[in-house]
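Novice:
There are 2 protein chains.
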Amino acid sequence: MQISPLEEYGLRCLIQVVRCQGDRNPVTIRRISEGEGLSMAYVGKLLFQLQKAGLVQGTRGVQGGYKIAKDPQVLTVGEIFRALNSLDEVCDKYTGDFESCVHAGTCGIKPMWDKLAQQMYGFLDKITLAEVAGPRLAAAAAEATRQDVPA
Amino acid sequence: MQISPLEEYGLRCLIQVVRCQGDRNPVTIRRISEGEGLSMAYVGKLLFQLQKAGLVQGTRGVQGGYKIAKDPQVLTVGEIFRALNSLDEVCDKYTGDFESCVHAGTCGIKPMWDKLAQQMYGFLDKITLAEVAGPRLAAAAAEATRQDVPA
DNA sequence: CCAATCCTTTACTTTTAAGTCAAGTATATA
DNA sequence: TATATACTTGACTTAAAAGTAAAGGATTGG
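These protein sequences, in sequence, are chains A and B. For the first sequence, counting from 1, position 112 maps to 112 in my numbering; every step adds exactly one. For the second sequence, counting from 1, position 84 maps to 235 in my numbering; every step adds exactly one.
1) If you check the beta carbons only, do D276 of chain B and V228 of chain B fall under 9 Å apart?
2) Along the beta strand (DSSP E) that carries I68 of chain A, what are the first and last residues, could you check?
3) If you scan the region 66-118 of chain A from start to end, which runs of the alpha helix (DSSP H) of 4 or more residues do you find wholly inside it?
4) What first and last residue would you give for the alpha helix (DSSP H) that runs through Q179 of chain A?
5) How many Å lie between N176 of chain B and G216 of chain B at the Cα?
6) Which residues in the same chain as S39 of chain A place their Cβ atom closer than 8 Å to its Cβ, once the five residues preceding and following it in sequence are excluded?
7) Verify the CB distance criterion: does K115 of chain A have a CB-CB separation below 9 Å to chain B?
8) Can you tell me whether G22 of chain A is helix, strand or coil according to DSSP?
9) From what residue to what residue does the alpha helix (DSSP H) around V132 of chain A run?
10) What is the DSSP secondary structure of Q153 of chain B, reduced to helix, strand or coil?
11) In the DSSP output, what is T59 of chain A paired with across the bridge?
12) Which residues, in order along the region 174-191 of chain B, keep a beta-carbon less than 8 Å from a beta-carbon of chain A?
13) Suppose the cutoff is 7 Å on Cβ atoms and the five residues either side in sequence are ignored; what does the same chain contact list for L198 of chain B look like?
14) Are the region 77-97 of chain A and the region 106-123 of chain A touching, with three or more C-beta to C-beta distances below 8 Å?
15) Strictly by DSSP, which residues pair up with V27 of chain A?
16) Looking at chain B, which residues of the region 51-80 of chain A have a Cβ within less than 9 Å of any of its Cβ atoms?
17) At least one CB of chain B closer than 9 Å to the CB of L46 of chain A: is that the case?
18) Distance, Cα to Cα, H254 of chain B vs N236 of chain B?
19) Is the distance from the Cβ of L162 of chain B to the Cβ of I109 of chain A below 9 Å?
20) Please report how far the alpha carbon of P301 of chain B lies from the alpha carbon of G188 of chain B, in whole angstroms.
21) Residues of chain B with CB closer than 8 Å to the CB of Q119 of chain A, please, in chain order.
22) Please list, in chain order, all residues of the same chain as R297 of chain B whose beta carbon is under 7 Å from its beta carbon, the five residues on each side excluded.
23) Around the Cβ of E303 of chain B, are there at least 16 other Cβ atoms within 10 angstroms (buried) or fewer (exposed)?
24) Using three-state DSSP, classify Y121 of chain A as helix, strand or coil.
25) What does the alpha-carbon distance come out to for the pair E282 of chain B and K45 of chain A?
26) If we cut at 9 Å on Cβ distances, does V169 of chain B have a partner in chain A?
27) Given a threshold of 16 other Cβ atoms within 10 Å of its Cβ, counted over all protein chains shown, does R31 of chain A qualify as buried or as exposed?
28) Please confirm if G10 of chain A has its CB atom under 9 Å from at least one CB of chain B.
29) Using only alpha-carbon positions, find the residue among A:Q2, A:G122, A:A41 and A:A117 that is nearest to D248 of chain B.
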C-alpha cells in the first residue's frame with residue numbers, strides 16, 4: 001500500500017504536460033525528461049501508456065510532442081491512477097498455493113479492502129490535475145486563452 | 152497503490168492466530184500454513200516479522216507456536232500495516248536520476264500523498280483485528296476466558 | 001524527396017520484492 | 001537425557017515490476 005513509481009512519475013509527467021499547455025508547440029519527451037530527471041525512454045513509455053488511456057495526445061514528427069487530451073480542471077488524480085494501474089482484485093491475486101482463494105465466500109477482509117479503495121478514490125477523485133499542477137497553471141491557462149498569438 | 156502480498160497474507164496469518172486464541176496450545180506455523188494454503192517457510196517468515204514488531208509472541212519447542220501479543224480488540228489493521236511495511240518517503244524514493252528530488256521545496260504533490268496516507272490510516276486505524284477476524288472470534292474469546300481448563 | 005525531429009512499439013536488462021531452503025536453537029515429554 | 005517438535009535466522013532463488021535499448025513509422029521543412 002504505497003505510491004508506485006508509475007503513479008508518482010506518471011503524475012509528474014502529466015503535470016509537466018499541463019504546465020506547457022500555453023506553449024506554441026506540444027511538449028516533447030526530451031523536455032519532460034530533462035525537467036524531471038528521467039530517461040527519455042522511460043518518459044516515452046509513461047506517456048505512451050497515458051495516451052492509450054486517452055489522457056494525453058501525442059503527435060509525431062517535427063514540432064510534435066504531447067498535449068493534454070482532457071480538461072485538467074475535470075481530470076482527477078483518481079482517474080490518472082486508474083489509467084496507470086492494472087486493477088486486478090486481491091481475491092484473484094492472493095490465492096496462495098491454490099487456484100482460488102481458500103476464503104472465497106466467507107471472507108471477512110475483502111469488504112474492508114473494498115471500503116478502503118472507496119475511501120482512497122473518494123479522496124483522489126476530488127483532486128483535479130489542475131489543482132495539483134499548482135500555481136503555474138493559472139498563468140499557463142491565461143497564456144493558452146490568448147489564442148497562441150506568435151511573439 | 153494496492154494491497155501487497157505482505158499485507159494480505161500477514162493479516163490473514165494474524166487472523167488465524169486470533170481465531171486459535173481459545174485453543175489449549177498456541178497455533179503452529181504448520182497449522183496456519185495448511186489453513187491458508189501458504190508454505191510453512193513463508194508463514195514462518197511473516198510471523199517472525201510480526202513478532203519483531205511485537206504483535207505476536209512465539210514459543211519454541213514441543214507444544215510451542217504463536218499467540219497474539221496485543222489485545223485484538225485494540226490492535227488495528229493500521230498498526231498491522233505499519234508493522235509489515237518499510238515506511239520510506241516518496242521524496243527520498245522517487246528522485247529520478249538525481250540524488251534528491253528535483254521538486255524539493257516546491258513540490259505540489261507531496262502534501263497530497265500525505266493527506267492520502269492520513270485518510271487511509273484514519274480508516275485502517277479504526278478497524279480492530281478482532282472485528283476483521285470475524286464471527287468466529289466471539290466463540291474463541293469465550294473459550295479463552297474459561298481459563299484453559301483441560302478437557 | 002531528403003533529412004531532421006519526434007512519437008511508437010517490442011524486446012531486453014536490471015532491480016526489487018516475494019518466496020524458498022537449510023542449518024541452527026530452544027522446549028517438552030518420555 | 002534423548003528425541004521429536006517447533007520457532008529462528010540468514011542465505012539463496014525466483015518472479016514481477018521497473019527501467020533501457022533499438023529499430024521503425026510519421027511529420028515538417030528545406
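The beta carbon of each residue, even a glycine, is placed where N, CA and C say it ideally should be.
Specialist: This is what the structure gives:
1) yes
2) G65 to I68
3) 77-84 and 90-93
4) The question about residue 179 of chain A has no answer, for chain A in this structure spans 1 to 151.
5) 7 Å
6) S33
7) yes
8) coil
9) L129 to A133
10) coil
11) A:G65
12) G186, E187, G188, L189 and S190
13) C164, I180, V207, G209 and Y217
14) yes
15) A:Y66
16) V77
17) no
18) 25 Å
19) yes
20) In this prediction, P301 of chain B scores a pLDDT of 36, lower than 50, which makes its location untrustworthy; no coordinate-derived value is stated.
21) Q270, M271 and F274
22) Any reading at R297 of chain B is ruled out, since the residue's pLDDT is 43, under 50, leaving its predicted position unreliable.
23) Nothing about residue 303 of chain B can be read from this structure; chain B reaches only from 152 to 302.
24) helix
25) 43 Å
26) no
27) buried
28) no
29) A:A41
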